[in-house]
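>
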Amino acid sequence: MIQVLTFYLFAGIMLAAAAFTILARNPVHSVLWLIVAFFNAAGLMVLAGAEFIAMLLVIVYVGAVAVLFLFVVMMLDIDFAELRAGFIKNFPLGIAVAIVLLAEIVLGMGAYQAGSLKLGTPDGSGAPVAGASNIESIGALLYGKYLFLFEAAGIILLVAMVGAIVLTHRQRSGVRGQNIANQVARRPDEAVINTQPEVGQGVKL
Amino acid sequence: MTQFFQSLGMTYDWAWFTATIAGILLIALPLMLAVAMIIYADRKIWAAMALRRGPNVVGPWGLLQSFADGLKVFLQETIIPSAANKGLFLIAPIITFTVALLAWAVIPFNSGAVLADINVGLLYVLAISSLGVYGVVIAGWSSNSKYPFFSAMRASAQMISYEVSIGFILICVVLWAGSFNLREIVEAQRSHVGIINGFVANPLLFPMWVMFLISGMAETARAPFDLTEAESELVAGYQTEYSSMSFALYWLGEYANVLLMCALNAVLFWGGYLPPLDWAPLYLVPGWLWLFAKIFFFFFIFSWVKATVPRYRYDQLMRLGWKVFLPVSLGFVVLVSGYLMLTRYGV
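Quick note, the sequences are listed as chains A and B, same order. Using our numbering, read the first sequence as starting at 58 and increasing by one per residue. Using our numbering, read the second sequence as starting at 115 and increasing by one per residue.
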C-alpha cells in the first residue's frame, strides 16, 4: 500500500516538476524545477530497488551537473521580450519536433503492448548476481563481463574531456602567474635591502 | 524499536512508522540542543584563544547564551527585500537547514543504534552533502543583491571542487572497509592496527584523514575557507539580506553541518562508536559516549583552526583543491587499491 502511494507521489511530483521546467518563465526557476524532477526520479529508483543508481543520480546530476547549470543560468542576462519574439519564429519547428516525439512514444508503446522483441535466446548471464547487493552485482558485471565496453566508454569520455580542454584553452603571453615554490623559498635577507641614500639621490631598485 | 511498538499491540506497518518517527525525533531534537551548546562552546574556545572571557552573563557561565540569542532572533521581524524573489528567498534557509539534518539518518550512534541502516550509507551522505550548496546559491540569487550573488558564485565553485577530492578520499576508505554501509565501515576498524581501533593509524590512510579534515572545513565553508561570508569583502556573503528566523536557520544549519563533518571524521577514520583501543575495560563506556567525545574533539580542532588560521585567498583555495588534493587523493586511490590487491586478493 505504502509503496503504491509513494510511487504515485514521486511520479506525480516528477511529472509536474518536468512540466514546470518547460513552462517556467524564469530560467533559474526552470533549473530548480529540473532539480526537483531529478530528485523524484531518484526516489522512484529507490522504490524500484536500484538504490545505487538513485544515489548516483543525486550525486552526479543534482550535486554537480545542475549546480553548473544554475551557475551559468544565474549569470545570464535574459531579455524576455526578445525570447517571446523568437517564439513565433520557431513555433513551426517546435511543433514538428513535438509531433515526431509523440509519434515515437505512440510507436514505442504500441510495440511494447505487442510483446517484447526477440533478439536471440537469453542465457541468463546478463542477470544481476543473485543474493549480492546492488553495488556488488553492478561491479561484478561492469568490471567482469562488460569490462571492455566499460573501458571503451571511459576512453570516449576521456577524449571528450581532452577535446573540450583543447577547444577552450588559450595560451596568453605576459601573464604574471604565481609560483608558490618561489614564494615559499624567498628569504628575508634577499627580499629586504637596507640603504642610506644621499640627500636628493633616491634609491635605485 | 519496531519490536517495542509491536509489543504494544500495533501492526508491523504502524509499529515501523511510529518507530521511524520516534527515531527521527530522537536524533533531530538532541541535535538542535547540541547545536545550541556547540555554538556556545565555539564562542568560549574562540574567546579563550583571544584571551577574552566569552559569553558569561546569561545563565551559569553563560550557558544559556545561545537560547537567549535564539529567543531574540525569534522575536525579530523578518525583512524581505522588495527586489527579492520572495518564494525562493524564503525557501533557501529551509533547504540549508533540512539538508543539514537529513544526513544524520545514516550515522551509527552505537552498534545497533542507526536510524537507516542502508547499504549505500556513504553514498547517501555524499548525495545529501552535495545538496547543501543549493541553500547558499538560491539565497545568493534570490536576494537580488551584489554581495550575496558573489558569495553564491564562490560557494558553488568551492563545494564542487572539494567534493571531487572528498569523493576520492572516501573511495580509499570504502576500498579498505569493503562496504558503503557506515556501520560495517566502523566494524572494519576494530583492532585495525595492533589494538588501535581506527583507520587513522594506518600509514596509507592517515594522509587521507588529514586531507579529509581540511576538505571538510572547505566543504562546510568554515574558516580558513569561509570565503562565502568573507566579511571584509562581501559584508556577510549570502546571508547579507537575511534577518530574524531565516538568518537563524542558516546558523543552525551551518553548525549542524560542521557537527556532521566531525561525526564523519570520527566514523570513517577514528573508529566511530568503538573505543580508541581494543581493550576490554574501555568497552564499559557506552559506544555513543565515545562517538560524542570524538565529535567534540574534532569540533575543538575546527574551532582551534578558526581562531588561529588566517583566511585563504580564493585562488589559493582553488589551487589547493584542484592542484594538490585532487592529484594526491587520486594517487592514493591507486596506492590503496594496489596494496589491497597484493595483500588481500593476492593479484
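Note that beta-carbon positions come from the ideal geometry of N, C-alpha and C, so glycine has one too.
Identify, in the order they occur along the chain, each residue of the same chain with its Cβ nearer than 6 Å to the Cβ of Arg268 (chain B), setting aside the five sequence neighbours on each side.
The answer, listed in chain order, is Leu341 and Thr342.
> For Phe126 (chain A), tell me which candidate among B:Arg427, B:Ile274 and B:Ile232 has the shortest Cα-Cα distance.
Comparing Cα-Cα distances from Phe126 (chain A) to each of B:Arg427, B:Ile274 and B:Ile232, the minimum goes to B:Ile274.
> In chain order, what residues of the region 98-121 of chain A put their CB closer than 7 Å to some CB of chain B?
If the cut-off is 7 Å between Cβ atoms, the region 98-121 of chain A has Glu108, Phe109, Met112, Val115, Ile116, Val119, Gly120 and Ala121 near chain B.
> Give every residue of the same chain whose Cβ lies closer than 7 Å to the Cβ of Glu355 (chain B), excluding the five residues on either side of it in the sequence, and list them in chain order.
The residues are Pro195, Ala198, Ser257, Ser259 and Pro262.
> Note down the Cα distance separating Val438 (chain B) from Met375 (chain B), rounded to an integer number of angstroms.
Their backbone Cα atoms lie some 21 Å apart in a straight line.
> At which residue ranges does the region 349-388 of chain B contain complete alpha helix (DSSP H) runs of 4 or more residues, listed in the order of the chain?
Within the region 349-388 of chain B, the complete alpha helix (DSSP H) runs of at least 4 residues are 358-383.
> Just mark Gly330 (chain B) as buried or exposed, buried being the case when its beta carbon has 16 or more other beta carbons within 10 Å.
Label assigned to Gly330 (chain B): buried.
> For Val314 (chain B) and Val423 (chain B), I'd like the C-alpha separation in whole angstroms.
Val314 (chain B) and Val423 (chain B): Cα-Cα distance of roughly 24 Å.
> For Pro400 (chain B) and Ala206 (chain B), what's the separation of their Cα atoms in angstroms?
Cα-Cα distance, rounded: 38 Å.
> Please return the same chain residues whose Cβ sits closer than 8 Å to the Cβ of Asn233 (chain B), not counting the five positions on each side in sequence.
Answer for Asn233 (chain B): Ser293, Phe294 and Asn295, listed in chain order.
> For Gly100 (chain A), tell me which candidate among B:Ser121, B:Leu403, B:Asp127 and B:Tyr238 has the shortest Cα-Cα distance.
When only C-alpha atoms are compared, the closest one is B:Tyr238.
> Looking only at DSSP bridge pairs, what is Val391 (chain B) linked to?
What sits at residue 391 (chain B) in the sequence shown is Leu, not Val. Note: Leu391 (chain B) sits in a beta bridge opposite B:Ile310.
> Thinking C-alpha only, which one of A:Leu104, A:Val249, A:Leu224 and A:Ile79 is nearest Ala68 (chain A)?
Answer by Cα proximity: A:Leu104.
> Is Ser121 (chain B) helix, strand or coil by DSSP?
The answer is helix: DSSP assigns Ser121 (chain B) an H, G or I state.
> Taking the C-alpha atoms as reference points, what is the distance between Leu382 (chain B) and Trp402 (chain B)?
Straight-line Cα distance between these residues: approximately 15 Å.
> According to DSSP, is Thr457 (chain B) part of a helix, a strand, or is it coil?
Here Thr457 (chain B) sits in helix by DSSP.
> Are the C-beta atoms of Met131 (chain A) and some chain B residue less than 9 Å apart?
At least one chain B Cβ lies under 9 Å of Met131 (chain A).
> Give the straight-line distance between the Cα atoms of Leu454 (chain B) and Leu319 (chain B), rounded to the nearest whole angstrom.
Near 12 Å, if we compare the C-alpha coordinates of Leu319 (chain B) and Leu454 (chain B).
> Residues in the same chain with beta-carbon distance under 7 Å from Asn468 (chain B), minus the five sequence neighbours each way, listed in chain order, please.
Nothing can be reported for residue 468 (chain B): it is not among the residues displayed for chain B, which extend from 115 to 461.
> Can you tell which of B:Phe414, B:Leu204, B:Trp404 and B:Thr125 has the C-alpha that lies nearest to the C-alpha of Met163 (chain B)?
Measuring from the Cα of Met163 (chain B), the nearest candidate turns out to be B:Phe414.
> Is the beta carbon of Tyr65 (chain A) closer than 9 Å to that of Phe95 (chain A)?
Against a cut-off of 9 Å, the Cβ pair of Tyr65 (chain A) and Phe95 (chain A) comes out as no contact.
> Quick check on Met58 (chain A) - is its C-beta less than 9 Å from some C-beta in chain B?
At least one chain B Cβ lies under 9 Å of Met58 (chain A).
> Any C-beta of chain B sitting closer than 9 Å to the C-beta of His226 (chain A)?
With 9 Å as the cut-off, His226 (chain A) does not count as an interface residue toward chain B.
> For a contact defined as C-beta to C-beta under 9 Å, what are the partners of Glu277 (chain B) on chain A?
Here the neighbours are Ile116, Gly120 and Ala121.
> Look up Gly257 (chain A) in the DSSP assignment and say whether it is helix, strand or coil.
Three-state result, Gly257 (chain A): coil.
> Grab the span of the alpha helix (DSSP H) containing Gly281 (chain B) for me, first residue to last.
It spans Lys260 to Ala291 - the alpha helix (DSSP H) in which Gly281 (chain B) sits, taken as one unbroken run.
> With distances taken Cα to Cα, identify the nearest neighbour of Arg297 (chain B) among B:Leu185, B:Asn371 and B:Ala230.
Ranking the options by Cα distance to Arg297 (chain B), first place goes to B:Ala230.
> Check whether the Cβ of Leu319 (chain B) sits closer than 8 Å to any heavy atom of the ligand NAP, and report yes or no.
Within the structure as shown, the ligand NAP is missing, as the structure has no ligands at all.
> Look at Asp183 (chain B) and Ile153 (chain B) and say whether their C-beta atoms are less than 9 Å apart.
It is a contact, given that the beta carbons lie within the stated cut-off.
> How about Val258 (chain B): is its C-beta nearer than 9 Å to some C-beta of chain A?
For the record, residue 258 (chain B) in the displayed sequence is Asn; it is not Val. False, the Cβ-Cβ gap to chain A never drops below 9 Å.
> Please report the distance separating the alpha-carbon of Leu348 (chain B) from that of Phe446 (chain B).
Those two C-alpha atoms are separated by around 37 Å.
> Is it buried or exposed, Ser225 (chain B), if we count other Cβ atoms within 10 angstroms and call 16 or more buried?
Exposed, by the Cβ-count rule.
> Report the start-end ranges of each alpha helix (DSSP H) in the region 176-237 of chain B that is 4 residues or longer and not cut off at the edges.
If we require 4 residues or more, the alpha helix (DSSP H) runs fully inside the region 176-237 of chain B come out as 179-189 and 200-216.
> If the criterion is Cβ atoms closer than 9 Å, does the pair Val187 (chain B) and Ser358 (chain B) meet it?
Their beta carbons are under 9 Å apart, which means Val187 (chain B) touches Ser358 (chain B) by this criterion.
> Between B:Phe211, B:Ser279 and B:Val228, which lies nearest to Gly246 (chain B) when the distance is taken from Cα to Cα?
If we check each option's Cα against that of Gly246 (chain B), B:Phe211 comes out closest.
> By the criterion of Cβ-Cβ separation under 8 Å, what are the contact partners of Ile192 (chain A) in chain B?
Here the neighbours are Asn233, Val234 and Phe294.
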